[in-house]
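Report on one structure; see the data block that follows.
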Amino acid sequence: MIFELRTYELTATKAQEYLNLFRTLGVEHVTAYLPMGGYFLTETGQLNRIHHIWIYETFAERTAARQALSSDLGWNKLFVPSAFHLIERQRNAFMILQKSSKLLDKVCATRRTQHHAQTPEAQLFGPRLLSLTYSKTPFQPKERLGQWRITSGYAAGSYVTLAITADEDLLTYSETNPLEHELLRPLSCSPLQ
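Counting in the UniProt record's numbering, the sequence shown runs from 1 upward without gaps.
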């Protein structure tokens, strides 16, 4: 499988506006074609940054899914003009799974699920914090959701680890000297949370 980690850096103070547009206007259109694994807002590190994970069986599936999305009128006439001007920079990476978890296995098995639009009143974020760590060697958190190796894109060759972060872990020094570590708030519509 191919895991795509896309990162958007948004205009300062506009992250929640973008996320509200995504969950109320965009999610039902994009997930009709693209298999969403996770959607997150950073709490530490680069602020106003969102990460999203997409899960494809093959690169050909990714190409076909993105082509189909580009023809979706709701995506192109509603979400894109409302939200894309808030994005200042983008980057992405292709990753290969190194270690999984029961939750990630379930998300992979149900990756083609279309998510319905949320109402503005619905809870924006999931109930707990996660962490995303970039490292040169595999990072070993207490509760790992998934670990990947980047094969192309930003920080190629490094490891990416998504983990559940408990309050007592927030200020714990990591002996692995990560290249980057961010606390994340998963959206309530994110499969990984």
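For every residue, glycine included, the Cβ atom is placed at its ideal position computed from N, Cα and C.
In this structure, Arg-128 is the residue among Ala-155, Ser-135, Thr-137, Arg-128 with its C-alpha nearest to the C-alpha of Glu-143.
For the pair Leu-86 and Tyr-18, the CB atoms are nearer than the 8 Å cut-off. With a contact defined as Cβ atoms closer than 8 Å, Pro-191 and Met-36 qualify at about 6 Å. The beta carbon of His-115 lies closer than 6 Å to those of Val-27, Thr-31, Cys-189 in the same chain, with the five residues before and after it left out. Less than 8 Å divides the Cβ of Thr-161 from the Cβ of Phe-139.
Per DSSP, the beta bridge partners of Ala-163 are Ser-131, Arg-144. Taking C-alpha positions only, Ala-156 is separated from Thr-63 by approximately 21 Å.
Met-95 has Phe-3, Ile-150 as its beta-bridge partners, per DSSP. Between the alpha carbons of Lys-77 and His-29 lies a distance of about 11 Å. With a threshold of 16 other beta carbon atoms within 10 Å, Pro-178 meets it and is buried. Excluding its 5 nearest sequence neighbours in each direction, His-52 has C-beta neighbours in its own chain below 6 Å: Arg-6, Tyr-39, listed in chain order. Ala-60 sits exposed, since fewer than 16 C-beta atoms from the chains shown fall within 10 Å of its C-beta.
Bounds of the alpha helix (DSSP H) holding Thr-63 are 59 to 69.
In the three-state reduction of the DSSP assignment, Phe-40 falls in the strand class. Cβ neighbours of Lys-14 within its own chain (closer than 6 Å, five residues either side excluded): Leu-86. Boundaries of the alpha helix (DSSP H) harbouring Tyr-18: 15 to 21, taken from the DSSP string. According to DSSP, Pro-191 shares a beta bridge with no other residue. For the pair Leu-130 and Ala-163, the Cα-to-Cα distance works out to about 5 Å.
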